[in-house]
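Numbering (full-length UniProt numbering), first residue to last: 1 to 296.
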C-alpha cells in the first residue's frame, strides 16, 4: 500500500475587491471587501461558507476561505482535522495511507496490516517467530498441544479438526497399538482380522520371517510362514507322506480314523480309483473301493 501526499491547492481565489461588483448570491456590494472567486463567480465570505465551501469529512463543518484546507481524492479536511484515525497524530505535513476510507499514519498502517495470532489474538509484528498453517498464524510460543499444552513451536504435530497435538499426545490419544508389543503404530502398520500390528511384529512364530504380503497360516492364534507350517505343523498325507498345507493343489482334505489325505491321494489301494467324496472301505490301514474290498 503506497503512502500519499496531499493534493494541490483548492480551485478558488481569495482577494479584496477594488472594483464595483456585487456578491453573486446575496447581491451585497463587494467593493473594498474581501471576496472569493470560484467557478467564475464572486461572492462574499458569508455566502462562500453557505453555498460554496467544502465540508470537512472529519468534523462535518464547512471549511471557510480563511481556514487551511487539505484535500485528497475529492475529500476535504480542515488542516487541524486531518489526523491518523488510530493514534490521532496530525498528518498535515506527513505522508499518510488511505485504507478503507480511513486515513492512517505509516506506523499505524504497519500495525493494522500485521496478522493476529490465532492463539492470543495479539498482532504478530516483524521479527516475531511464528508458525503458519492453512491460512492461520501463531506466535511460536502460542502454538501449543491441545492435550498437554506444551509448546509445539516449529516441531512436528498432528491436526485434528480445530485442535493440534504433539507427537507424544497424538500417539497416546489416537494411534492404534500393536497387539503384540502394545506400542503405538505411527507408520507401516498392517491389519489382520481387524487387529493392528507393526509389520516387524507380524512374523512367523518359528523362524521370525515377516509375513506382511506373504502367504501364511494361522493355527490357534499362532502365525506360520508356508515353509514352517509344512515342516512343523502340517499333518502328513497318509498317501504321499507330504505335508497337507491347504495351499494350491490338494487344498481339499480327507480325514478318517485320525489320518489325513490330500483329496487326490485318497484312492483305492488295489485299482487306484479316486475315492474322495465316494464310498470306501478301510481295511488294514488301507483304503479300498467297495468292489476291491469284496475280493480281499
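Ideal Cβ placement from N, Cα and C applies to all residues, glycine included.
- Per DSSP, residue 167 is one residue of the alpha helix (DSSP H) stretching across 167 to 173.
- Within the same chain, Cβ atoms closer than 7 Å to the Cβ of residue 283 are found at 293 and 296, the five residues on either side in sequence being excluded.
- Minimum Cα-Cα distance from residue 121 among the listed residues 149, 185, 108 and 136 corresponds to 136.
- Here residue 221 carries a coil assignment [DSSP, helix/strand/coil].
- When DSSP states are grouped into helix, strand and coil, residue 154 belongs to the coil group.
- For residue 43, no alpha helix (DSSP H) run applies; the uninterrupted beta strand (DSSP E) run containing it begins and ends at 41 to 43, by DSSP.
- Here residue 216 carries a strand assignment [DSSP, helix/strand/coil].
- Around the beta carbon of residue 134, fewer than 16 other beta carbons lie within 10 angstroms, which makes this residue exposed.
- The three-state secondary structure of residue 257, taken from DSSP, is coil.
- The Cβ atoms of residue 138 and residue 118 sit closer than 7 Å to each other.
- Put simply, of 275, 253 and 44 the residue whose alpha carbon is nearest the alpha carbon of residue 235 is 253.
- As DSSP reads the structure, residue 29 sits in a beta bridge with 22.
- Annotated as proximal: residue 204 and residue 225, with beta-carbon spacing under 7 Å.
- The beta-carbon distance between residue 33 and residue 17, rounded to whole angstroms, is 6 Å. This is short enough to meet the 8 Å contact definition.
- The Cβ atoms of residue 85 and residue 103 lie closer than 7 Å to each other.
- Going by DSSP, residue 243 is part of no alpha helix (DSSP H) at all; its letter is neither H nor E.
- Partner residues in the beta bridge of residue 116, as assigned by DSSP, are 123.
- DSSP, reduced to helix, strand and coil, places residue 58 outside both helices and strands of the structure shown, so it counts as coil.
- Here the C-alpha atom of residue 63 lies approximately 6 Å from the C-alpha atom of residue 55.
- Residue environment: residue 238 is assigned as buried (16 or more neighbouring CB atoms within 10 Å of its CB, all protein chains considered).
- With fewer than 16 other CB atoms across the displayed protein chains lying within 10 angstroms of its CB, residue 88 is exposed.
- At the C-beta level, residue 198 and residue 185 come within 7 Å of one another.
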